[in-house]
Amino acid sequence: MPNIASGDTNQDSTVLWTQSNHLGIVTFEYSTDSNFATIHGSINQTIIDPNIPVKVSLNGLKPGTQYYYRVTDSNNETSRGTFKTAAKTGRKNGLKFGVSGDWRGELSPYPAIANADESNLDFFVLHGDTIYADYPYNGVTWKFILVPEPIQNLGVLLASDRFEGYAAERTEILKFIDDNNINNVVFIAADVHGNLVNNLTYQLVPDGEQIATNAFEITTGPVAFDAPFGPSVVELASSLGLLNSQEVDFYHALPTQKAKDAFIRKLGDQQITAFGYDPLGLNNNLAPANGLIKAKLLKGEYVNTHTFGWTEFQIDKNTQKLTVTTYGIEPYKANQIVANSFILSQNPVIINQFEVTPHQKTELSISLGLLFIFAICSLGFLASIIVKNFSKKSSQT
Numbered sequence: 004m005p006n007i008a009s010g011d012t013n014q015d016s017t018v019l020w021t022q023s024n025h026l027g028i029v030t031f032e033y034s035t036d037s038n039f040a041t042i043h044g045s046i047n048q049t050i051i052d053p054n055i056p057v058k059v060s061l062n063g064l065k066p067g068t069q070y071y072y073r074v075t076d077s078n079n080e081t082s083r084g085t086f087k088t089a090a091k092t093g094r095k096n097g098l099k100f101g102v103s104g105d106w107r108g109e110l111s112p113y114p115a116i117a118n119a120d121e122s123n124l125d126f127f128v129l130h131g132d133t134i135y136a137d138y139p140y141n142g143v144t145w146k147f148i149l150v151p152e153p154i155q156n157l158g159v160l161l162a163s164d165r166f167e168g169y170a171a172e173r174t175e176i177l178k179f180i181d182d183n184n185i186n187n188v189v190f191i192a193a194d195v196h197g198n199l200v201n202n203l204t205y206q207l208v209p210d211g212e213q214i215a216t217n218a219f220e221i222t223t224g225p226v227a228f229d230a231p232f233g234p235s236v237v238e239l240a241s242s243l244g245l246l247n248s249q250e251v252d253f254y255h256a257l258p259t260q261k262a263k264d265a266f267i268r269k270l271g272d273q274q275i276t277a278f279g280y281d282p283l284g285l286n287n288n289l290a291p292a293n294g295l296i297k298a299k300l301l302k303g304e305y306v307n308t309h310t311f312g313w314t315e316f317q318i319d320k321n322t323q324k325l326t327v328t329t330y331g332i333e334p335y336k337a338n339q340i341v342a343n344s345f346i347l348s349q350n351p352v353i354i355n356q357f358e359v360t361p362h363q364k365t366e367l368s369i370s371l372g373l374l375f376i377f378a379i380c381s382l383g384f385l386a387s388i389i390v391k392n393f394s395k396k397s398s399q400t
């Protein structure tokens, strides 16, 4: 069977992708009919190497339309998929999409996202430290900025692998958002292997007061990464002397994931509030941040660090209210996949859900604003790569 995917979908175009073990011609067909009674187009490509996928671009599509496509390889094997083009500019149809990151191949086939296909999503972002995406159009209520590393403050440990380690650039991004009254900005990150939600503040000078914004960030995932954030943080804190052996034993003896998450949240807050940073979550904020984000926690907590999973974002087409839902399963190790049939039979459940009422203020220059943010984020990412490569070279000499 050919593997297939669609991506880079906008109002009138998309890209279809396939990979097959069978060399030769592959045929892409697409239709607005799930039964393909009427085929709107057909494009051929040639597979010359089973390790190299091929792709085609579809143009001239209709906005806000559900399309179906099928790919047939030279062995006459067919796979089918679907995608939906973005709504026409100025029309608020609502939006529902999923995001997760950190996919370890040896932990496949990823039961943590078993319910994603049935969730009727408009699209799913495979957020694996490689993507920057935003939709810089005037009149769009919510602005989602996907970055490879978290922009929220998590403390000085390993900060060089996050925006926190590049404080001047981080301040420049958040100050630009703040100064230009760009409301309803949501940063989405992965890489830390846990689900952490926090509002974003910045400083103009080192040790200066925290300036609150109405932007927030959610880190999502992991789909499958052993070990997740919670156990990894405890191990790191223990090695650095931040936790003694009794505290580590206490953590491991806690009976539930909820109790362990509370332990991690307390540990995290101790580290970040010592620097005057805002505590984790969209509640219990520093005084300057109170009331800037109209969030309501519906289920669970804002810190979930002992599960594998993904996050769904849904915008109500009438109210434009954003509902964020994170699903999760019990984490597992590679050697458990075969040994324990329960692992792959897990069904993701809601571990956190909250809603945010948007600021409905009219905004100008959103396109230039988010393009500026994109450029700064790219510079930060490149700086992170340079630091990582330098560290690797230093360790080898």
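For the sequence shown, position 58 (counting from the first letter as 1) is numbered 61 according to the numbering used here, and the numbering increases by one without interruption. Glycine residues also receive a C-beta, built at the ideal position from the N, C-alpha and C atoms.
Asked, Found
"What does a CB cutoff of less than 8 Å around residue 207 pick up in its chain, not counting 5 residues either side in sequence?", "174, 178, 214"
"Does DSSP put residue 279 in a helix, in a strand, or in coil?", "coil"
"Can you tell which of 23, 99, 20, 212 has the C-alpha that lies nearest to the C-alpha of residue 278?", "212"
"If we ignore side chains and look at the alpha-carbon of each, how far apart do residue 218 and residue 26 end up?", "49 Å"
"Checking 8 Å against the spacing of the C-beta atoms, do residue 12 and residue 88 come in under that value?", "yes"
"Counting Cβ pairs, one atom from each stretch, are 3 or more of them under 8 Å apart for the stretch 250 to 259 and the stretch 313 to 330?", "no"
"What's the gap between the Cα of residue 269 and the Cα of residue 126?", "35 Å"
"Thinking just about the alpha-carbon of each residue, which of 260, 271, 226, 187 is nearest to the one in residue 110?", "226"
"Over the uninterrupted alpha helix (DSSP H) stretch that includes residue 172, give me the two end residues.", "170 to 182"
"According to the neighbour-count rule (16 or more other Cβ atoms, all chains shown, within 10 Å of its Cβ), is residue 37 buried or exposed?", "exposed"
"When the Cα of residue 271 is compared with those of 232, 289, 248, 257, which residue comes out closest?", "232"
"How would you label residue 22, buried or exposed, when you count the other beta carbons within 10 angstroms and need 16 or more for buried?", "buried"
"Can you tell which of 171, 172, 221, 106 has the C-alpha that lies nearest to the C-alpha of residue 148?", "221"
"Tell whether a beta-carbon distance below 8 Å holds between residue 223 and residue 344.", "no"
"Between which residues of its own chain and residue 134 is the CB-CB distance below 8 Å, once the five residues before and five after are set aside?", "Low per-residue confidence applies at residue 134: pLDDT is 40, beneath 50, and the placement is therefore not dependable, though the value from the model is reported in the following sentence. The answer, listed in chain order, is 128, 149, 151."
"Closer than 8 Å by C-beta to residue 29: which residues in its own chain qualify, once you throw out the five before and the five after it? Chain order, please.", "5, 21, 23, 47, 48, 49, 50, 57, 74, 75, 76, 77"
"Do you know whose CA, among 317, 170, 228, lies nearest residue 113's CA?", "228"
"Given that a residue counts as buried once 16 or more other Cβ atoms are within 10 Å of its Cβ, and exposed if not, what is residue 315?", "buried"
"Please classify residue 199: does DSSP put it in a helix, a strand, or coil?", "strand"
"Report the partner residues of residue 305 according to the DSSP bridge assignment.", "The partner list for residue 305 (beta bridge, DSSP) is empty, contrary to what the question assumes."
"Please classify residue 365: is it buried, with 16 or more other beta-carbons within 10 angstroms of its beta-carbon, or exposed?", "Per-residue confidence for residue 365 stands at a pLDDT of 49, beneath the threshold of 50, marking its modelled position as unreliable; no derived number is given."
"For residue 355 versus residue 305, is the C-beta spacing smaller than 8 Å?", "yes"
"Whose CA, out of 243, 288, 165, lies closest to the CA of residue 195?", "165"
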